[in-house]
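Note that the protein sequences, when read in sequence, are chains C and Y. Residues 26 to 235 (our numbering) make up the first sequence, in order. Residues 26 to 235 (our numbering) make up the second sequence, in order. Single-structure report; data block below.
Number of protein chains: 2
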Amino acid sequence: MLGNILHWFEAQPFSKVAGIITALQVIIYASYYFAVSKVKPKVINEVMFFTDQGAGCQEHNENKGRCYNEGCAYSNIRRICEYIESSRSTLDVCIYLITCHDLANSILRVHRRGVSVRVIADCDMAEGSGSQVAVFRRFGIPVRMKKSPYLMHHKFFVVDHWILLTGSFNWTMQAITGNWDNVIVTSRRDIVEPFDNHFAALWDEFTATG
Amino acid sequence: MLGNILHWFEAQPFSKVAGIITALQVIIYASYYFAVSKVKPKVINEVMFFTDQGAGCQEHNENKGRCYNEGCAYSNIRRICEYIESSRSTLDVCIYLITCHDLANSILRVHRRGVSVRVIADCDMAEGSGSQVAVFRRFGIPVRMKKSPYLMHHKFFVVDHWILLTGSFNWTMQAITGNWDNVIVTSRRDIVEPFDNHFAALWDEFTATG
Numbered sequence: 026m027l028g029n030i031l032h033w034f035e036a037q038p039f040s041k042v043a044g045i046i047t048a049l050q051v052i053i054y055a056s057y058y059f060a061v062s063k064v065k066p067k068v069i070n071e072v073m074f075f076t077d078q079g080a081g082c083q084e085h086n087e088n089k090g091r092c093y094n095e096g097c098a099y100s101n102i103r104r105i106c107e108y109i110e111s112s113r114s115t116l117d118v119c120i121y122l123i124t125c126h127d128l129a130n131s132i133l134r135v136h137r138r139g140v141s142v143r144v145i146a147d148c149d150m151a152e153g154s155g156s157q158v159a160v161f162r163r164f165g166i167p168v169r170m171k172k173s174p175y176l177m178h179h180k181f182f183v184v185d186h187w188i189l190l191t192g193s194f195n196w197t198m199q200a201i202t203g204n205w206d207n208v209i210v211t212s213r214r215d216i217v218e219p220f221d222n223h224f225a226a227l228w229d230e231f232t233a234t235g
Numbered sequence: 026m027l028g029n030i031l032h033w034f035e036a037q038p039f040s041k042v043a044g045i046i047t048a049l050q051v052i053i054y055a056s057y058y059f060a061v062s063k064v065k066p067k068v069i070n071e072v073m074f075f076t077d078q079g080a081g082c083q084e085h086n087e088n089k090g091r092c093y094n095e096g097c098a099y100s101n102i103r104r105i106c107e108y109i110e111s112s113r114s115t116l117d118v119c120i121y122l123i124t125c126h127d128l129a130n131s132i133l134r135v136h137r138r139g140v141s142v143r144v145i146a147d148c149d150m151a152e153g154s155g156s157q158v159a160v161f162r163r164f165g166i167p168v169r170m171k172k173s174p175y176l177m178h179h180k181f182f183v184v185d186h187w188i189l190l191t192g193s194f195n196w197t198m199q200a201i202t203g204n205w206d207n208v209i210v211t212s213r214r215d216i217v218e219p220f221d222n223h224f225a226a227l228w229d230e231f232t233a234t235g
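Quick look at the structure:
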């Protein structure tokens, strides 16, 4: 069989042989490309900014309309909620301060769906005015902290050990409606993995009572 | 000339033709690979963490020795200074609060070297106790801010419009010696570029007097 094919090829002119070889290579490369792009999950790299122009967008938020203001705090919050709610199996939250109801409600919804949610919080801020940490506990989400004069100053979460969201942005109403802040979302392994390991180490170190 | 080459190829057996085509392709791919890897700058993705264990490392910092504590605040600060001092043409700093002398001195050294340094600072924090913003101004570094009830809460810099360093970490002595904090360094275009554009927009919006 292979002998026949080689014999047939030998009888053809050079241009035909070269053409067939090139066509076969294109088919192999294309099949490989489509196979890989199907298997590989989408790579995420996204940046959001909060500015002092965010507060002016409150009205459109109530109408849930689309916003064309690039620094729109409400569009950013909706986007962060989408990332929280994209969790399928785990959601690890490490947060200095959470008073924003939209974000807290997203976390509670994910927990109700059966996703394994874990929260690390700052010991003093957890008991501060408007903090949602007590609400998390009431609904059965495990929360850990550490009694310390130092601040648990992180503001990140990791979805399914795969997507990291982090930045300067505190999850408060003040940060939403005026501060200049940033949030980075990434699925880059060499950035997500250290955060994932750091969360695991803090989770082991911290306790339920702080 | 081309006719002669084609004629020579036609006279050869199929196996020889296929071998020569494949060899030529390998040579072309290899040349392309080495050419690209020479032109393309090194990709940077790095994560640093600060923990409550940082303070214990003060002694080794004074000896400038190597530290094996992963959360060592002083090793992190040295690393951040290295990134600041790697600036060749521009250094854009957007910072809530800077009281750490090591970081401030690195910025001053870069400025003295002739690098174009620009600083955006929080209006109230710039005049706070220990703030290095007045020192920057005294040495001729342009500083801009905006009078506002809101916080300029970013903590990032961009080196040569190419490397971004950002995180939850404030450039203070307290953050260095105890808080749990993170810093991400990246040269990913789709993350660095939005920060670069954001800095340019704030620079245009803000003024020298706030």
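Glycine included, every Cβ here is placed at the ideal spot set by N, Cα and C. Small disclaimer: the values here were computed from a predicted structure and weren't measured.
Neighbour flag for residue i against chain Y, beta carbons, 9 angstroms
{"i": "lysine 180(C)", "result": "yes"}
{"i": "threonine 211(C)", "result": "yes"}
{"i": "alanine 43(C)", "result": "yes"}
{"i": "proline 167(C)", "result": "no"}
{"i": "aspartate 229(C)", "result": "no"}
{"i": "aspartate 77(C)", "result": "yes"}
{"i": "arginine 177(C)", "result": "The amino acid occupying residue 177(C) in the given sequence is methionine; arginine does not appear at that position. Closer than 9 angstroms to some Cβ of chain Y, the Cβ of methionine 177(C) qualifies, so yes."}
{"i": "leucine 122(C)", "result": "no"}
{"i": "serine 40(C)", "result": "yes"}
{"i": "aspartate 206(C)", "result": "yes"}
{"i": "leucine 133(C)", "result": "no"}
Rounded separation between residue i and residue j - CA only
{"i": "glycine 165(C)", "j": "histidine 126(Y)", "result": "45 angstroms"}
{"i": "serine 111(Y)", "j": "threonine 234(Y)", "result": "29 angstroms"}
{"i": "threonine 191(C)", "j": "phenylalanine 181(C)", "result": "4 angstroms"}
{"i": "asparagine 70(C)", "j": "glutamate 107(C)", "result": "15 angstroms"}
{"i": "isoleucine 145(C)", "j": "asparagine 207(C)", "result": "21 angstroms"}
{"i": "isoleucine 46(C)", "j": "alanine 43(Y)", "result": "8 angstroms"}
{"i": "leucine 31(C)", "j": "serine 40(Y)", "result": "8 angstroms"}
{"i": "cysteine 2(Y)", "j": "cysteine 92(Y)", "result": "The structure shown has nothing for residue 2(Y), since chain Y only spans 26 to 235."}
{"i": "histidine 179(C)", "j": "serine 193(Y)", "result": "6 angstroms"}
{"i": "phenylalanine 220(Y)", "j": "leucine 49(Y)", "result": "44 angstroms"}
{"i": "glutamine 248(Y)", "j": "isoleucine 53(Y)", "result": "The structure shown does not extend to residue 248(Y), since chain Y is modelled only from 26 to 235, so the question has no answer here."}
{"i": "threonine 115(Y)", "j": "isoleucine 216(Y)", "result": "18 angstroms"}
{"i": "alanine 98(C)", "j": "histidine 186(C)", "result": "26 angstroms"}
{"i": "isoleucine 109(C)", "j": "isoleucine 102(C)", "result": "10 angstroms"}
{"i": "cysteine 148(C)", "j": "methionine 150(Y)", "result": "25 angstroms"}
{"i": "glutamate 218(C)", "j": "glutamate 35(C)", "result": "54 angstroms"}
{"i": "valine 15(Y)", "j": "arginine 169(C)", "result": "Because chain Y is modelled from 26 through 235, residue 15(Y) falls outside the range shown and cannot be assessed."}
{"i": "phenylalanine 75(C)", "j": "arginine 104(C)", "result": "13 angstroms"}
{"i": "tyrosine 58(Y)", "j": "valine 51(Y)", "result": "10 angstroms"}
{"i": "alanine 129(C)", "j": "isoleucine 188(Y)", "result": "33 angstroms"}
{"i": "phenylalanine 161(Y)", "j": "serine 154(Y)", "result": "15 angstroms"}
{"i": "threonine 124(Y)", "j": "isoleucine 132(C)", "result": "36 angstroms"}
{"i": "glycine 96(C)", "j": "alanine 226(Y)", "result": "12 angstroms"}
{"i": "arginine 139(Y)", "j": "arginine 113(Y)", "result": "Per the sequence shown, residue 139(Y) should be read as glycine rather than arginine. Cα-Cα distance, rounded: 9 angstroms."}
{"i": "leucine 176(C)", "j": "leucine 122(Y)", "result": "16 angstroms"}
{"i": "glycine 28(C)", "j": "glutamine 37(C)", "result": "15 angstroms"}
For residue i, three-class secondary structure by DSSP
{"i": "cysteine 119(Y)", "result": "strand"}
{"i": "phenylalanine 224(Y)", "result": "helix"}
{"i": "phenylalanine 59(C)", "result": "helix"}
{"i": "threonine 47(Y)", "result": "helix"}
CB contact check: residue i to chain C, cutoff 9 angstroms
{"i": "glutamine 37(Y)", "result": "yes"}
{"i": "lysine 67(Y)", "result": "no"}
{"i": "tryptophan 23(Y)", "result": "Missing from the structure shown is residue 23(Y); chain Y here goes from 26 to 235 and no further."}
{"i": "valine 72(Y)", "result": "yes"}
{"i": "isoleucine 46(Y)", "result": "yes"}
{"i": "histidine 186(Y)", "result": "no"}
{"i": "threonine 191(Y)", "result": "yes"}
{"i": "serine 173(Y)", "result": "yes"}
{"i": "glycine 203(Y)", "result": "yes"}
Host beta strand (DSSP E) of residue i (start-end)
{"i": "valine 71(Y)", "result": "Sequence inspection shows glutamate at residue 71(Y); the valine mentioned does not correspond to that position. Its beta strand (DSSP E) spans residues 70–75."}
Delimiting residues of the alpha helix (DSSP H) encompassing residue i
{"i": "cysteine 106(C)", "result": "98–110"}
Any non-hydrogen atom of the ligand HEM within 8 angstroms of residue i CB
{"i": "threonine 47(C)", "result": "The ligand HEM is absent from the structure shown, which contains no ligands of any kind."}
For this session: Scan the segment 130–209 of chain C and note each continuous beta strand (DSSP E) run of 3 residues or more that stays entirely inside, going in chain order.
Result: 141–146, 180–184 and 188–192
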